Amino acid sequence: QQPVQSPQAVILREGEDAVINCSSSKALYSVHWYRQKHGEAPVFLMILLKGGEQKGHEKISASFNEKKQQSSLYLTASQLSYSGTYFCGTDPYNTDKLIFGTGTRLQVFP
Amino acid sequence: EAGVAQSPRYKIIEKRQSVAFWCNPISGHATLYWYQQILGQGPKLLIQFQNNGVVDDSQLPKDRFSAERLKGVDSTLKIQPAKLEDSAVYLCASSWSGTVNTEAFFGQGTRLTVV
Numbered sequence: 104q105q106p107v108q109s110p111q112a113v114i115l116r117e118g119e120d121a122v123i124n125c126s127s128s129k130a131l132y133s134v135h136w137y138r139q140k141h142g143e144a145p146v147f148l149m150i151l152l153k154g155g156e157q158k159g160h161e162k163i164s165a166s167f168n169e170k171k172q173q174s175s176l177y178l179t180a181s182q183l184s185y186s187g188t189y190f191c192g193t194d195p196y197n198t199d200k201l202i203f204g205t206g207t208r209l210q211v212f213p
Numbered sequence: 003e004a005g006v007a008q009s010p011r012y013k014i015i016e017k018r019q020s021v022a023f024w025c026n027p028i029s030g031h032a033t034l035y036w037y038q039q040i041l042g043q044g045p046k047l048l049i050q051f052q053n054n055g056v057v058d059d060s061q062l063p064k065d066r067f068s069a070e071r072l073k074g075v076d077s078t079l080k081i082q083p084a085k086l087e088d089s090a091v092y093l094c095a096s097s098w099s100g101t102v103n104t105e106a107f108f109g110q111g112t113r114l115t116v117v
């Protein structure tokens, strides 16, 4: 039931792009993305809803394929501040009771 | 706006001892969550409150874990007795209620080490 994230780790130079994937075996109402820096609290990035609506703060883009129960997070022109571990949280019950994946560790170097 | 406050930040105890964690959510947030995050893994939901009522505690090991939310504001999570496998970061999060699909705000967590 836990979503699978890929890749497990990514190393980038500043300015490079990356894609992080999240795949669930269950039908989903929404996918939530969070970033966690080492020793800090997870910080909300965005929510992708069934039907196409998206909610988010940052200039990060993402997609949600409802039929495949997959979501992808697109990090373009990466900055040093993008470093951290990215978690997807899936919501199969429309309750905000999230099931988090194991995370993707992203490191951006100058 | 003040964030989610948790204390203590760190705790080391021996197995079979008891421990308690405290969380103060963002003012006005009716929904409160406790998550357990084992090193290298994603957060795992333990319990969800709506005001002072439990919405979901299906993944809370009730033989040793308990949680309460007094007056729908602060919350405490207790472990008694602790086991080695309870070593983890315990995260508290809160969100607005009334609708789903809202962002959760996390505290910095309490890192528990059971020796």
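Residue numbers (this note's numbering), protein chains in the order written: chain A, 104 to 213; chain B, 3 to 117.
Where is the CB? At the ideal position from N, CA and C, for every residue including glycine.
The structure presented is a predicted model; accordingly, all values stated were derived computationally and were not measured.
Integer-rounded CB distance, given that residue j should sit under 8 Å from residue i
i               : j               : result
A32 of chain B  : K80 of chain B  : Their Cβ separation, rounded to whole angstroms, is 22 Å, which puts A32 of chain B and K80 of chain B out of contact at 8 Å.
C191 of chain A : S174 of chain A : 6 Å
Under 9 Å from the C-beta of residue i: neighbouring residues of chain A
i               : result
A106 of chain B : H135, Y137, P145, F147, G192, D199, L201
Under 7 Å by beta carbon: chain A residues contacting residue i
i               : result
Q50 of chain B  : K200
G44 of chain B  : F190, F203, G204, T205, G206
G111 of chain B : A144
Run of the beta strand (DSSP E) containing residue i, from where it starts to where it stops
i               : result
V146 of chain A : 146-152
S109 of chain A : 107-109
N197 of chain A : First-last for N197 of chain A: undefined, no H or E at that position.
K158 of chain A : 157-159
A22 of chain B  : 21-26
G142 of chain A : Looking at the DSSP string, G142 of chain A is not in any beta strand (DSSP E), and its letter there is neither H nor E.
R116 of chain A : 112-116
Q173 of chain A : 173-178
Amino acids of chain A, ordered along the chain, whose beta-carbon sits closer than 8 Å to that of residue i
i              : result
L93 of chain B : A144, P145
D58 of chain B : T198, K200
- Query: At what residue ranges does the segment 71-108 of chain B contain a whole run of the beta strand (DSSP E), taking only runs of 3 or more?
  - Reply: Whole beta strand (DSSP E) segments, 3+ residues: 77-81, 90-97.
- Taking a Cβ distance cut-off of 9 Å, strictly less, list which residues of the segment 150-178 of chain A are near chain B, in chain order. I150, L152, E156, K158, G159, H160
- Item | chain A contacts from the segment 64-82 of chain B (Cβ-Cβ distance under 7 Å) | Among the residues of the segment 64-82 of chain B, none has a Cβ less than 7 Å away from any Cβ of chain A.
- Query: Which residues, taken in chain order from the segment 14-41 of chain B, show a beta carbon closer than 7 Å to some beta carbon of chain A?
  - Reply: none
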